[in-house]
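Chains as they are written, first to last, in our numbering: chain F, 1 to 618; chain A, 1001 to 1826. Presented below is the structure to which this report refers.
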Amino acid sequence: MEKRPRITLMLCGGTGCIAGGSLKVKEAFEKELAQKGLTDEINIVLTGCNGFCAEGPIGIVYPDDIFYEKLTPDDAKIIVQEHFIKGRPVERLMYKEPVKKHAIPVMNEIPFFKHQVLRALRNKGLIDPERIEDYIARDGYMAAAKALLEMTPEEIIREVKNSGLRGRGGAGFPTGLKWELCSKVKSELKFILCNGDEGDPGAFMDRSIMEGDPHSVLEGMIIAGKAIGATKGYIYVRAEYPLAVKRLQIAIEQAREKGLLGEDILGSGYSLDIEIYQGAGAFVCGEETALMRSIEGKRGMPRPRPPFPVYKGLWDKPSVLNNVETFANVPPIILHGAEWFRSLGTEKSPGTKVFALTGAINNVGLIEVPMGIPLRTIIYDIGGGIKKGRKFKAVQLGGPSGGCIPEHLLDTPVTYEDIVQTGAIVGSGGMVVMDDLNCMVSVAKFFLEFTTDESCGKCTPCRIGTKVMLDILTDITEGRGKDGDIETLEDLAKDIIAASLCGLGQTAPNPVLTTIKYFRDEYESHIYEKWCKAGVCRSLVTFYIDPSTCTGCGACARVCPQKAISGERKKPHSIDQSLCIKCRQCYETCKFNSVKTGPRDMFKKEEPAEPLEEEVKR
Amino acid sequence: MINLKINGKEIQAKDGSTILKAALDNGIYIPHLCWDRRLEPYGGCRLCIVEVEGQRRLITSCAAPVEEGMVVWTETPKVVKARKTVLELLLLYHPLDCPICDKAGECELQDLAFKYGPTESRFTAKRKREPERLDSPIVERNPNRCVLCGKCVNLCRDHQGVGALAIIGRGFKAKISPAFEETLDCEFCGQCIDACPVGALGAKPYRHRSRVWYMDEYQIICPYCGCGCTTNISVREGKIIRARGKEAVGINDGNLCSKGRFGFDFLYSEKRLTTPLIRKEGELRPAPWDEALRFIAERLEIIKNTYGPSSIGAIGSQRCTVEDNFMLQRFMREVIGTDNIDSGARFGFARALEALMESSGLDYMPVDWQKPLEKSLLLVIESDITATHPVWGLNFLQAKRRGAYLITADSRQTKLARHSTHWLRLKPGTGVALLNGIANYIIENGLFDKDRVSGIKGFSEWTNHVKRFNLKETSQITGLPETTIEEVARLIASTPKRLIALSSGASENNKSKDHYIASANLLMLLGEEIDNLQLPAEFSNTLGLWLSGVRPLKDGKTLKDMLYKEGSLKALYIMGEDPVTVFPDGSTIERNLKNLELLIVQDIVLTETARLAHVVLPASAWAEKDGTFIGMTGLEQKITKLLPDQGDSTPDWKILRNLARIMGYEIGRDINSVKEDFKKKLSAEGYILEGSRWKKPQRLEPSFRIADLKVKARPEKPQEVYLLTGNVLQHSGVLSYLSKTLDSAVADAVLTINEEDAKRLNIKDDTFVKVTSPKGSVYLKTRVTDEVPEGVAFAPLHFPHARLNTLLTLPSDGEIPLEVIEISKG
């Protein structure tokens, strides 16, 4: 009988941890185990992204569920020696709670993980994504088998409809309804498509699923394919995700080998094959109709709707496009039922959502939480609060299509219906936390720069309108803002939203609108006082030291690259404005809040008035 | 029909129609910039957005299908505001070029701004400074004015099937340009220019020549090919400044090709004749009309009395009007008393009609313009329809886009071949064998309705004949794989609603009479009506010339006797034709013409033939005279005198009237009486004018006929290849070379040679080579490509200076006129 390993070490092989050196860590472990002759007893698996990216490279020891973080190749020897051989987990390498600094050895007791519920990410960190056997061992393809062999298309659709699953790509359209509309259209050819373009800057929810659990996507597509009567499937993956492409390709080949893709799957009479199509670097190709044009080999430009893609989609045939995370949610719904899916979340937003938590937060990483969880819980309990003890300012949801939510709305539950009331959107799951060091006008400008760059150029309001908005914002951040600009931005934004052809143009003004709504004072201080209070817009800030609170510790002077700060020890320091390049290092370093920002013209002398003509004559 | 309401008005629309179409059809205007009736809705300009009750967002009316009970509002405050902003944004980066922009006065952006736009802009912007592109022939581009409506790109790619322009770059930086911003090189049809709503695309000949309001616009029929397209010409102070197509105007629905759009400046060639010329002391000298006509009259009388009427002949013109040709044949038959009259249609059209008569008993069968769009399978045999009849050819492309099978049998890669669902690259001239082979396969496999067909006359004899064309033999002759022939045969047999088209002119030398007979045979076998055989007449009035009776009706001499048989004639009257440079074996023709006692040439320019004449008469050209064209569809269409006479030039029919009068005959009083006489003649022959279309009720007598492959000669020596002649898209017959504009696009008879042949013969691209046939040799410039197969070279016949016709031998009956040539270094 084959000897089963007594310990399994799951090393995170997500892109973040690999960048942090997890492959070298793996090598070190393998070497050490070989030396000690333990290769049969101890199994090392490279899994997909664990999610706690701030603490990588990560390794988890099963069956104890011990969590090790920030691993280096040298740590391999110690862990093998102390933990695997002597049975004593190594405390030094465990997660430390931030305040009292005591170790939390078990992963699911760490706050970052405690509040999460894994459904789309159900196999996170537990499987080798390049082994279909691992996926099957965790109930993989059981839902597809049930759907293909025991359910009719109508029954599948009913289950998904009743679950209330909404598209996880950002629009939140009821998935079951989309499938139902397409299933009713008669056509010899129908397509099931997966949107793996994930263009939002900083978002990596879909990447983690495609890299870490590619079969979950395939299984979701098979079930959807049967429901709508699809004859062929495509997964559109952005070319900037080569590992995702590779893992999906391996998964497809393995599925074909096992008869889970191709002709007459599992003897059910339903046939489906899936192909990968790579994007070519255009954000707009994540838009449904532009994506379809891209697969057709055409320039990726959206089409007006109606007619909708469920009627006229890829090659003008009925097509359903769903997001990666949406597909990943489908198999458990089939296996456990609509009611089970609804046991979490709210009436209108059931289930869970994956978020990429980034920005000025302590616990940066990938999380999955039940819908309805308050924002505050995500930011403070899961996220561990603001980095370096700074003050929370806003959280941006939904990337360049989304909006900023200020402090006073942090109790808003994260649901489609509640978030949209604030002016933002849940979006695809990107969540960027901002502190007082962020300038909200700059943030809006950043997102608008992105959308203007990515605009396909087909329709006038987006092509020219977003550029005009960007020009106004640029003027505001560079000191050329004038009275009326805010009103113009708001008015123009409304028309761009109303007239744009696709979601890119229709949502590009959102970051601007929400930052105006909640941080209008920042716009006003940029325009009227020529003052960027966060000190980000370099032409609109003067850094100075408040002598009444300065302790003369000299920390600021030490970090100043221009040696512009002078002062005696323990005496108030001052900044030479002629040397200051506004790099903001002193402002970020000062622990006493003595370095302050002031308006651009704070120290400008009054210009002598032009002499009157009469005076000159005299 | 769907019922909906727009702005409170109840209207009905066809199921599948869009809101915009429904509105426009019912007289409700919704502004739009990027929509074109020929294209799929684009939805890019955003000007057509409307409010639809029950919908949260504004709806793109050019793309949204109508739904029962829909309630649409086009002028709500929300719509008006959004539309104003869109215009404000368009105008922001649109340069204030109106004072120097040729589009001013007919610019859609101007009109929209005037009607819907803001009067002030909230924004300022730095104007775009893209260089203006004047580096390509005919088409000028000013990217700064472009509003990115996409019409040019979409029209060129989807409608014309070329795709020379595309949107490059993204977002604000997006612009319309040829690939890699190189010089635009395309068909130069100019469809993009007419479609452009602003001054971003223009025609170089028109640049800065006139303001719109100084020109008068008229409709006239194009003088070039048999399509009979209507062009809208703009005239200023008696000169044509430009020609355009207009939506819903003409059989062409506003589509034009490069000839119709840019070929009108042949009128202004310096070579135009302005005065009669008489040969005195060996030289042609100007003379007044009465002297010239008297000269002719006297000489003709003498020759008639000395040698008899049958020593005198005439050649008519496929480009002159019905009235011109009718008068010529009246002159010959009544004044001279001879049946010796013929035309260039002898080489092509006559042959096709002969085949038609033998196969069906019909002597008249015009083309049906819309037919290709009604078919599921179009078979084109060795004919470049997209070059000979470009606008009608668009119907073939459109049919294919709608899902029809487009099967092209052609050795050369034409535009039609490139767009075909099946391109059968057969050896030149072997179309007969292919048709016989397909027919035989269908017969042997029983894929036809035997009961229906076997009773037709000649069936058993014919089936016996085609037995020889089994798959193996057919494959051997045509060079096509057996599997291909089988696949195509099965497809043709199983797809209902078929059409077979062949060009009927002689400019393409790859067909014989047997091609037409074999096509008719196949149609009959398939149970299709004979009128599914489409034989487009080549030039603007080929059909009109034929109906006028410009051909021997009794025992008169044909072109072959008149021009090629030494001593056949003593006098020849040539109207609107240039046999020396157009017809095969030009040297022989020249020799025979030189031996005439009297050669009269009546033309618009001093042609090579005219140079040999004793008398040259200056004729009025198209648009300088009234007249009638009957195009390939049998449609009778008018040309009108819109321009002043050039010098003393006179309409052809009038010259003949005056000459006849001097000789004591009245053959036609004025243009109306001539027209009336023509109509009477046709009626007497059984033709009926239905609306504007001539029809002829005839008794169908279908008959299967033997069609065989007869080739003159084959290439044998290593430096020998076939010479394939034909058309290039930018030219038509031998008239267009006079147009400087068309010349700027394509000016030379380039010899297209296959890459392998070039390698074997050690010949390089773009160099001069010597081309020799049994009849003579010429020098031509090469273009090495894979558009022609090995063993085949192609050259167009449009350019007199190339003297390509001197290489061609006069074909004998039934032979495919393919010429064998030797190519050697120049």
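Yeah, the Cβ is synthetic: ideal placement off N, Cα and C, and Gly gets one too. Remember, it's a predicted structure, so these values are computed and weren't measured experimentally.
- Comparing alpha-carbon positions, the option among F:Glu478, F:Thr488, F:Gly505 lying closest to F:Val536 turns out to be F:Glu478.
- Taking a C-beta distance under 8 Å as the contact criterion, A:Arg1319 and A:Leu1735 qualify as a contact pair.
- With a threshold of 16 other beta carbon atoms within 10 Å, A:Gly1054 falls short and is exposed.
- Within chain F, the residues placing a beta-carbon under 7 Å from that of A:Gly1043 are Arg303, Pro304, Leu501, ordered along the chain.
- In this structure, the beta-carbon distance from A:Leu1598 to A:Leu1612 does not fall below 8 Å.
- Between A:Arg1498 and F:Gly313, the alpha-carbon positions lie close to 31 Å from each other.
- Contact between F:Ile192 and F:Leu218 is absent: CB atoms are separated by about 11 Å, not below the 8 Å threshold.
- Between F:Arg390 and F:Asp436 a beta carbon distance of about 6 Å is seen, short of the 8 Å cut, so the two are scored as contacting.
- A:Ser1017 and A:Tyr1042 have their C-alpha atoms roughly 15 Å apart.
- Excluding five sequence positions before and after F:Leu470, the CB atoms of its chain that fall closer than 6 Å to its own CB belong to Leu448, Thr452, given in chain order.
- For A:Gly1776, no alpha helix (DSSP H) encloses it; the enclosing beta strand (DSSP E) starts and ends at 1776 to 1785.
- Within the same chain, Pro111, His115 come within 7 Å of F:Asp381 by CB-CB distance, once the 5 residues on both sides are set aside.
- Nearest neighbour of F:Asn362 by Cα position, chosen from F:Phe392, F:Ser343, F:Ile156, F:Glu287, turns out to be F:Phe392.
- Judged by beta-carbon spacing, A:His1208 lies within the 8 Å limit of A:Asp1102, meaning their Cβ atoms are closer than that value.
- DSSP places F:Tyr587 in the uninterrupted alpha helix (DSSP H) bounded by 585 to 589.
- Rounded to whole angstroms, the gap between the alpha carbons of A:Thr1408 and F:Gly402 is 54 Å.
- Any Cβ of chain F closer than 8 Å to the Cβ of A:Lys1740 would place that residue at the interface, and such an atom is absent.
- Using a CB distance below 7 Å, the part of the stretch 1073 to 1099 of chain A facing chain F consists of Lys1078, Lys1081, Ala1082, Thr1085, Val1086, Leu1089, Leu1090, Leu1092, Tyr1093, ordered along the chain.
- Interface residue (Cβ-Cβ distance to chain F less than 8 Å): A:Arg1418 is not classified as such.
- For secondary structure counted as the beta strand (DSSP E) over 3 or more consecutive residues, the stretch 1628 to 1704 of chain A holds these complete runs in sequence order: 1636 to 1639, 1688 to 1690, 1693 to 1695.
- F:Gly167 and A:Leu1092 have their C-alpha atoms spaced approximately 38 Å apart.
- Contacts with chain A (Cβ-Cβ distance below 8 Å) from the stretch 404 to 432 of chain F involve no residue at all.
- For the pair A:Asp1578 and A:Pro1223, the CB atoms are not nearer than the 8 Å cut-off.
- A:Met1663 counts as buried, since at least 16 other C-beta atoms from the protein chains shown sit within 10 angstroms of its C-beta.
- Assigned with DSSP and collapsed to three states, A:Cys1192 falls in helix.
- Under the three-state reduction of DSSP output, A:Asn1436 falls in the helix class.
- For the options F:Gln35, F:Pro73, F:Arg342, the alpha carbon positioned closest to that of F:Lys26 is the one of F:Pro73.
- With respect to the 8 Å criterion, A:Glu1140 and A:Lys1084 are not classified as neighbours on the basis of their beta carbons.
- Judged by DSSP in its simplified three-state form, A:Val1616 adopts strand.
- Within the stretch 306 to 317 of chain F, Pro306, Pro307 place their CB atoms closer than 8 Å to a CB of chain A, listed in sequence order.
- Within the same chain, Gly262, Asp273 come within 8 Å of F:Arg256 by CB-CB distance, once the 5 residues on both sides are set aside.
- Every alpha helix (DSSP H) stretch that sits fully inside the stretch 1107 to 1175 of chain A and reaches 4 residues is listed by chain position as 1108 to 1116, 1151 to 1154.
- Every beta strand (DSSP E) of 3 residues or more that sits fully in the stretch 1442 to 1512 of chain A is shown, in chain order, as 1498 to 1501.
- Secondary structure of F:Gln35 (DSSP, three-state): helix.
- Following the DSSP letters along the chain, one finds F:Asn329 inside the alpha helix (DSSP H) bounded by residues 324 to 336.
- Interface criterion not met: the Cβ of A:Ala1409 is under 8 Å from no Cβ in chain F.
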